[in-house]
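Each residue of the sequence shown is one higher than the one before, counting from 3 in this note's numbering.
Note that the Cβ used here is the ideal one computed from N, Cα and C, for glycine as well.
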Amino acid sequence: TAINLANNGIKYFRAGIWKPRTKPGGFEGVGVEGLAWMKRVKEETGMYTCTEVATKAHVEAALEADIDILWIGARTSANPFAMQEIADALVGHEDKIVLVKNPVNPDIELWIGALQRIYNAGIRKLGAIHRGFSAYGKHLYRNRPQWHIPIELRRRMPQLPIICDPSHIGGKRELVAPLCQQAMDLGFDGIIAESHCNPDAAWSDASQQVTPDILSYILNLLVIRKEKHTTESLSELRSQIDECDNSLIEMLAKRMRVCRE
Ligand code: PEP
Ligand code: MN
């Protein structure tokens, strides 16, 4: 998978060495053994490597193995104790790039709190990952995007890069492409997506995996519009929508009057 991604021009390789699974018995990652495989990926392809950390022990092992980027998963960013433990383990490693996924629940304060704990540990190469929010029951998306939440994060922390995880939002491979385009249209700074050389055989989240070739095809088709939707242009559009809403409601009221007659 790594070689194929690199041949397609991808520069960053994400792989979960430790995988938080909702229920015991799922594939929980290969663990430290896989850190050597990550090193091999870096040596053979030149890609930067990234993995998920959830405990002090993970951070220490990942730093020791020279992983370039650490990300914190949605089940972990929802837990201030875990976030503080990770932040403390990062003190003295100010050069690391750290990405914080949104917590599983749609709570922007909890997300910002998690980011602040990492910032307070001295990390300045900080970014956020939008991976959607869980909801009870079956829905189109595995995790609802609720785009207004990352947009609000952008308004509150304008300097913070925010990237989108279409794989965990969609949960199905056919949703990856439209979600990538939506993220670009909303001015996201990048994409973190899952890829596997044989998607159906993947040991985790098989239904949302795409091959490196398909991923590259999706990325090449993306339309990156020049003008970013800034907060100002969004509120301008918002007031145009309000105007349309008002005319629609007036029209419906008029229709009701005619019906009554
Ligand atoms: C992952 O990135 O593979 C993962 C487990 O994601 P999340 O924390 O968003 O569920
Ligand atoms: Mn996953």
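### Query
Under a Cβ-count criterion, where at least 16 other Cβ atoms within 10 Å of its own Cβ denotes burial, should K174 be classed as buried or exposed?
exposed
### Message
Determine whether the beta carbon atoms of V102 and S79 lie at a separation below 8 Å.
### Response
yes
### Query
Between A56 and ligand 4, is the CB less than 7 Å from at least one heavy atom?
In the structure on display, ligand 4 does not appear, and the ligands it does have are ligand 1 and ligand 2.
#### Entry: G94 versus I71 - alpha carbon distance
15 Å
### Message
I need the boundaries of the beta strand (DSSP E) containing H132, first residue and last residue.
### Response
127–132
### Message
If you measure between the beta carbons of C166 and L155, is that distance less than 8 Å?
### Response
no
### Query
Is D202 near ligand 2, with its Cβ less than 7 Å from a heavy atom?
no
### Message
Is the separation between the beta-carbon of G18 and that of G31 shorter than 8 Å?
### Response
yes
### Query
Hey, I88 and I69: beta-carbon distance below 8 Å or not?
no
### Query
Secondary structure at S79, three-state DSSP: helix, strand or coil?
helix
#### Entry: DSSP-derived helix/strand/coil call for Y1
Outside the displayed range of the chain (3 to 263) lies residue 1, so it cannot be described from this structure.
### Counted within 10 angstroms of its Cβ, other Cβ atoms place F83 as buried (16 or more) or exposed
exposed
### Per DSSP, the bridge partner or partners of E54
W73
### Query
Comparing the CB of H170 with every heavy atom of ligand 2, is any distance shorter than 7 Å?
yes
### Message
Can you look up G192 in the DSSP assignment and give me helix, strand or coil?
### Response
strand
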